[in-house]
Amino acid sequence: MIKLTQLNGKQFMLNDDLIEIIENIPETKITLTTGKYYLVAEDLDAITQMIINYKRGIYKGMINIVPNA
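The working numbering applies: residue 23 is where the sequence shown begins, and numbers increase by one.
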């Protein structure tokens, strides 16, 4: 989940696994696999970095869980 800001300033958490496409039009439009979309204040690069950081945090600990084959 990543924290985003709607254009009215309200923050919300979004399940990044549901993101289908992110567009700059000039605000940032995030369309989900469900067809629903959000207009947010963060730009495409910032959102991309948030997703990378979130996924990195999740998978970081898994290195020690899987034994060497």
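Think of the CB as a built atom: it goes at the ideal place given N, C-alpha and C, for glycine as much as any other residue.
So for residue i, helix, strand or coil by DSSP?
| i | result |
| --- | --- |
| residue 70 | helix |
| residue 51 | strand |
Following the continuous beta strand (DSSP E) through residue i, name the residue where it begins and the one where it ends.
| i | result |
| --- | --- |
| residue 58 | From DSSP, residue 58 is part of no beta strand (DSSP E); its letter is neither H nor E. |
| residue 85 | No beta strand (DSSP E) contains residue 85, which DSSP labels as neither H nor E. |
| residue 36 | 33–36 |
| residue 26 | 24–27 |
| residue 64 | Looking at the DSSP string, residue 64 is not in any beta strand (DSSP E), and its letter there is neither H nor E. |
Expressed to the nearest angstrom, what Euclidean distance is found between the alpha-carbon atoms of residue i and residue j?
| i | j | result |
| --- | --- | --- |
| residue 34 | residue 59 | 13 Å |
| residue 38 | residue 68 | 13 Å |
| residue 28 | residue 85 | 35 Å |
| residue 71 | residue 31 | 20 Å |
| residue 62 | residue 56 | 17 Å |
Since residue i contacts residue j with CB under 8 Å, what's their CB separation in whole angstroms?
| i | j | result |
| --- | --- | --- |
| residue 54 | residue 66 | No, residue 54 and residue 66 are not in contact; Cβ-Cβ is about 16 Å, not under 8 Å. |
Task: Stretch-stretch touch, CB-based, cutoff 8 Å, three pairs: the stretch 49–60 with the stretch 73–83 - done: Using a Cβ-Cβ distance cut-off of 8 Å, the stretch 49–60 and the stretch 73–83 are not in contact, since fewer than three pairs of beta carbons, one from each stretch, lie closer than that value.
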